[in-house]
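Residue numbers (this note's numbering): 41 to 189. Quick reminder that beta carbons are idealized off the backbone N, C-alpha and C, glycines included. Note that the coordinates shown come from a computational prediction; the quantities given were computed from them, not determined experimentally.
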């Protein structure tokens, strides 16, 4: 087995290992004054769904300024929202500045790496989590309301 092949096989494992540490750090920054908690699921790859998730997050922030914690969890076909070159990149960054957390499923990223042979460039604000659905389950268990626009 060549060195390049060995490196490609090591990438997904390293990504998942680093995901837990980064996700834990991001969770510590959740709004402590939040009276409302929302998790938005994005598992659809359409541009309309990505725009709708962005729109819903903005609307909720407008309705509950400084009183809401919002986490967007992207997995499966929804992860392109968190690619560095996403058409929604500026909107994502605007929401991050307002305290919205964007979680990306590293299990999906591992699949993409396995199928394409390369790691996609991810938005620097994407918080890696090992798995998308268990992350949603964790948040719901902490009192977040799940909405799948």
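**Request:** Could you tell me if residue 186 is buried or exposed, where buried requires 16 or more neighbouring beta carbons within 10 angstroms of its beta carbon?
**Result:** exposed
**Request:** Run the CB neighbour count on residue 143, radius 10 Å, all protein chains shown included, and call it buried at 16 or more, exposed below.
**Result:** buried
**Message:** I'd like to confirm the pairing. Which residues does DSSP put opposite residue 150 in its beta bridges?
**Reply:** None, per the DSSP bridge assignment.
**Request:** Find out if the Cβ-Cβ distance for the pair residue 184, residue 89 is shorter than 8 Å.
**Result:** no
**Prompt:** Is residue 141 closer than 8 Å to residue 167 when the C-beta atoms are compared?
**Reply:** yes
**Request:** Between the Cα of residue 80 and those of 181, 139, 96, spot the shortest distance and give me the residue it belongs to.
**Result:** 96
**Request:** For residue 101, name the three-state secondary structure that DSSP assigns.
**Result:** helix
**Prompt:** From the DSSP output, which residues share a beta bridge with residue 108?
**Reply:** 76
**Message:** Within 10 Å of its beta-carbon, does residue 69 have 16 or more other beta-carbons around it, so buried, or fewer, so exposed?
**Reply:** Summary for residue 69: the model assigns pLDDT 49, below 50, so the residue's position carries little reliability; its value from the coordinates is reported in the next sentence. So residue 69 counts as exposed.
**Item:** Cα-Cα separation, residue 67 to residue 155
**Value:** Only weak support is given to the placement of residue 67: the predicted model assigns it a pLDDT of 49, under 50, and the question is left unresolved by the model.
**Prompt:** What is the rounded straight-line gap between the Cα of residue 109 and the Cα of residue 135?
**Reply:** 11 Å
**Close-in-space but distant-in-sequence residues of the same chain around residue 101 (CB under 6 Å, 5 per side omitted)** = 138
**Request:** Quick one: grab the DSSP three-state call for residue 82.
**Result:** strand
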